[in-house]
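Residue numbering for the sequence shown follows my numbering, beginning at 165 and increasing consecutively.
Just so you know, even glycine gets a beta-carbon here, dropped at the ideal spot from N, CA and C.
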Amino acid sequence: MKTLTEQLTKKQQANETIFVPYIMAGAQGLDQLEAEITLLCDAGASAIELGIPFSDPVADGPVIQAAGLRALENDVSLEKIIDQLKKISTKTPLILMTYFNPIFHYGLEQLVQELAETNVKGLIIPDLPYEHQHLLTPLLENSDIALIPLIALTTPKDRIAELVEAGEGFIYAVAVNGVTGVGREYQASLDEHLAYIQKISDKPVLAGFGISSKDHVARFRKNCAGVIVGSKIVDLLSEGKQAEVRQFIQESVNHTI
Numbered sequence: 165m166k167t168l169t170e171q172l173t174k175k176q177q178a179n180e181t182i183f184v185p186y187i188m189a190g191a192q193g194l195d196q197l198e199a200e201i202t203l204l205c206d207a208g209a210s211a212i213e214l215g216i217p218f219s220d221p222v223a224d225g226p227v228i229q230a231a232g233l234r235a236l237e238n239d240v241s242l243e244k245i246i247d248q249l250k251k252i253s254t255k256t257p258l259i260l261m262t263y264f265n266p267i268f269h270y271g272l273e274q275l276v277q278e279l280a281e282t283n284v285k286g287l288i289i290p291d292l293p294y295e296h297q298h299l300l301t302p303l304l305e306n307s308d309i310a311l312i313p314l315i316a317l318t319t320p321k322d323r324i325a326e327l328v329e330a331g332e333g334f335i336y337a338v339a340v341n342g343v344t345g346v347g348r349e350y351q352a353s354l355d356e357h358l359a360y361i362q363k364i365s366d367k368p369v370l371a372g373f374g375i376s377s378k379d380h381v382a383r384f385r386k387n388c389a390g391v392i393v394g395s396k397i398v399d400l401l402s403e404g405k406q407a408e409v410r411q412f413i414q415e416s417v418n419h420t421i
């Protein structure tokens, strides 16, 4: 069992709320990345999702798009991010959220080899269809890196079962139709959808997209193992509100059902 799957499954079995914050690597400058990771670890993050800036981020809402543009303006690249991660020591698993284009141009084999020198334990690639994962999965087979599947509200049940079976780390349940961002309206059927995925999954199911409050965390914990929070965290960090980030994570992970 890969490290990410093992660590998050243990938290689920202990009925702990899994909280995965997302940050855009380099949005405040790569020299701030270690401090941001340390802040999130100390606050109680179960794992940390690091966005890789890309010029065409089709799944990202305005807040994360703006953070990605700031990172690109800071001359941040995948190569520089990996070099920085090699220097950062953390026990909290890191997850790269990237589109396929940057890692394809970097070199898939080189990517897996380089990430072995970091604490990156997972990959999320929203524009890599399940049918094309064979481009990457053979390289990950003997690594400690989990390829995390995304399941949409519109995903048919037979497809959900297929994705759950193949997925590692955790199952990323997208809670809205559309892009990331706060202030989203959730469908009434969402709770049932999450409960179904968690019922058939032997791995933790985490809800993501639009989660921005303790009330959201409390709602989703009734039906799945935890949450992924992006735009809210990115917004607070861009405004220098580290104390609010810490408080939000601490209050979320301390939530019990």
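Judging by CA-CA distance, which residue of I335, V381, Q351 is the nearest neighbour of V369?
Comparing Cα-Cα distances from V369 to each of I335, V381, Q351, the minimum goes to I335.
For G347, which residues in the same chain have their Cβ closer than 8 angstroms to its Cβ, ignoring the five residues on either side in sequence?
Summary for G347: the model assigns pLDDT 49, below 50, so the residue's position carries little reliability; its value from the coordinates is reported in the next sentence. Within its own chain, the residues whose Cβ lies closer than 8 angstroms to the Cβ of G347, once the five positions on either side in sequence are excluded, are G374, S376, listed in chain order.
Endpoints, beta strand (DSSP E) assigned at L370
Run containing L370: 369–372, per the beta strand (DSSP E) assignment.
Where G193 sits in the DSSP three-state scheme
Residue state, collapsed to three classes: coil.
Have a look at the DSSP bridge pairing and note the partners of V391.
Answer is F183, A371, bridged to V391.
Rounded to a whole number of angstroms, what is the C-alpha to C-alpha distance between L242 and L292?
Each residue's CA atom was taken as its position, placing L242 and L292 some 18 angstroms apart.
Since I413 and G208 should fall inside the 8 angstroms C-beta cutoff, what is the C-beta to C-beta distance between them, to a whole number of angstroms?
Correct: roughly 5 angstroms between the Cβ atoms.
For the beta strand (DSSP E) that G215 lies in, which residues bound it at each end?
Start and end: 212–215.
CA-to-CA distance, Q229 to A316, given in whole angstroms
Within the model, the alpha-carbon separation for A316 versus Q229 is close to 21 angstroms.
Do you know offhand how far D355's Cα is from L304's?
Between the alpha carbons of D355 and L304 lies a gap of roughly 32 angstroms.
With distances taken between CB atoms, is the gap from E200 to M261 smaller than 8 angstroms?
Result no, Cβ atoms of E200 and M261 do not sit closer than 8 angstroms.
CB of I288 within 8 angstroms of CB of F264, strictly
Contact flag unset, no.
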